[in-house]
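Below is one structure, written out as structure tokens; comments come after it.
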Amino acid sequence: MSARITQLLLVIGAVLLFVLLFFAPKIAPKHSDNDGHDHGPAKQAVSAENNANIDMYLNMASKSLEPAQKTKVDKFIAAGKLDSVVFFWDRLKRPDLASVYTEQIAQKNNKAEDWFRAGNRYYYSVQFSMDKTQTPLLYQCAMRCFSRGLKLEPANTDAKIMLASCFVEGSADPMQGISLLREVEKTDSNNVKLQMSFALFSVKSGQLDRAIIRFNKALRADSTYIEAYLHLADAYEQLGKIPETISTLEKYSVKTNDPVANRFMPSGKKRKRHKMATHKRKKRLRKNRHKKK
Numbered sequence: 007m008s009a010r011i012t013q014l015l016l017v018i019g020a021v022l023l024f025v026l027l028f029f030a031p032k033i034a035p036k037h038s039d040n041d042g043h044d045h046g047p048a049k050q051a052v053s054a055e056n057n058a059n060i061d062m063y064l065n066m067a068s069k070s071l072e073p074a075q076k077t078k079v080d081k082f083i084a085a086g087k088l089d090s091v092v093f094f095w096d097r098l099k100r101p102d103l104a105s106v107y108t109e110q111i112a113q114k115n116n117k118a119e120d121w122f123r124a125g126n127r128y129y130y131s132v133q134f135s136m137d138k139t140q141t142p143l144l145y146q147c148a149m150r151c152f153s154r155g156l157k158l159e160p161a162n163t164d165a166k167i168m169l170a171s172c173f174v175e176g177s178a179d180p181m182q183g184i185s186l187l188r189e190v191e192k193t194d195s196n197n198v199k200l201q202m203s204f205a206l207f208s209v210k211s212g213q214l215d216r217a218i219i220r221f222n223k224a225l226r227a228d229s230t231y232i233e234a235y236l237h238l239a240d241a242y243e244q245l246g247k248i249p250e251t252i253s254t255l256e257k258y259s260v261k262t263n264d265p266v267a268n269r270f271m272p273s274g275k276k277r278k279r280h281k282m283a284t285h286k287r288k289k290r291l292r293k294n295r296h297k298k299k
């Protein structure tokens with residue numbers, strides 16, 4: 007293996023690390039989006055209409071506050087300054103608790119956009135939660151918020167996709183989420199978030215070939231969707247498809263100012279020579295295969 011390939015493989019691992027940490031779904035669905043199996047109803051399916059809450063975690067965190075902090079947040083709550091309470095918990099790096107008060111704002115205003123904001127806050131809090139026993143509750147809270155927002159704005163595609171993601175990642179009935187995604191696909195098959203959701207679920211269930219198809223479809227719909235290049239490169243790398251991995255990262259480097267990626271990506275004449283060298287390597291591989299036969 008050449009030094010250039012070795013360098014690129016090292017860079018791939020560094021560049022893609024944050025993808026695995028921040029973007030990938032947390033729980034793998036047990037089935038593909040169209041594997042042809044007969045999926046019966048789950049025994050412990052979680053309803054989008056539920057009374058889940060994280061009050062226990064909120065109470066524990068409140069008791070651990072410094073006296074001055076406790077007095078400050080109590081004053082905000084008493085004055086009904088919920089935005090200030092959200093900001094307070096955000097500053098303490100507790101987005102999960104900030105989500106509680108974001109939902110209270112939604113309850114007060116009863117606007118679809120506020121419900122969707124609360125749902126997103128709960129959903130993305132999962133990746134920052136230090137206590138994994140809290141994870142199912144966060145997903146359930148997110149489902150409740152997205153569901154209530156959709157009652158007010160039933161045509162909101164992004165919210166449907168997020169609700170589906172909650173079912174796939176955080177419930178005992180992932181196929182309910184897949185069904186929601188299929189409904190969206192019937193009317194908006196080129197939706198990038200939709201294709202990315204399908205692709206990520208395929209990755210988590212180990213169906214990398216299917217994931218690659220979905221990632222490429224997302225990029226055909228929007229070639230500027232940077233995240234898709236990184237996920238696609240990661241999928242190619244896991245399958246050992248090094249030329250495809252390099253090619254995808256080259257495309258990524260053109261679309262972004264990422265100094266880590268650009269440092270090792272060839273450009274101009276070097277890019278052309280790199281492509282020619284890759285083509286020659288492919289020809290040698292084909293010849294070797296024929297000789298072995």
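Residue numbering for the sequence shown follows this note's numbering, starting at 7 and increasing by one per position.
Glycine residues also receive a C-beta, built at the ideal position from the N, C-alpha and C atoms.
query                                                                                                        : result
Backbone CA spacing between V91 and N116 [nearest angstrom]                                                  : 19 Å
Own chain residues within Cβ distance below 8 Å of Y231, not counting five before or after                   : V198, M202, A224 and L225
Stretch-stretch touch, CB-based, cutoff 8 Å, three pairs: the stretch 143-158 with the stretch 180-187       : no
Where S195 sits in the DSSP three-state scheme                                                               : coil
Closest by C-alpha distance to K99, when choosing among A67, N222, L156 and M62                              : A67
Within 8 Å, strictly: CB atoms of A241 and V209                                                              : yes
Alpha-carbon spacing of I167 relative to P249, whole angstroms                                               : 33 Å
Local conformation of Y231 per DSSP, three classes                                                           : coil
Per-residue burial, F221 [other beta carbons within 10 Å of its own, 16 or more giving buried]               : buried
Exposed unless 16 or more other CB atoms sit within 10 angstroms - verdict on F134                           : exposed
Start-end ranges of the alpha helix (DSSP H) lying completely within the stretch 240-267, minimum 4 residues : 248-261
Counted within 10 angstroms of its Cβ, other Cβ atoms place D102 as buried (16 or more) or exposed           : buried
Coil, strand or helix - M149 by DSSP                                                                         : helix
Selection from S177, F173 and N65 that minimises the alpha carbon distance to G183                           : F173
Outcome for G212 when other beta-carbon atoms lying within 10 angstroms are tallied against a minimum of 16  : exposed
Collapsed DSSP secondary structure at E159 in the structure displayed                                        : coil
Local Cβ density within 10 Å of P180, reported as buried at 16 or more and exposed below that                : buried
S3 vs S171 beta-carbon contact at 8 Å                                                                        : An answer regarding residue 3 cannot be provided, because it is not within the stretch 7 to 299 covered by the chain.
Classification of R97 by the beta-carbon crowding that lies within 10 angstroms, buried from 16 upward       : exposed
Of the listed residues A205, Y128, F207 and E175, nearest to N59 (C-alpha basis)                             : Y128
Beta-carbon proximity check, F122 vs G176, cutoff 8 Å                                                        : no
Buried/exposed call for E159, threshold 16 Cβ in 10 Å                                                        : exposed
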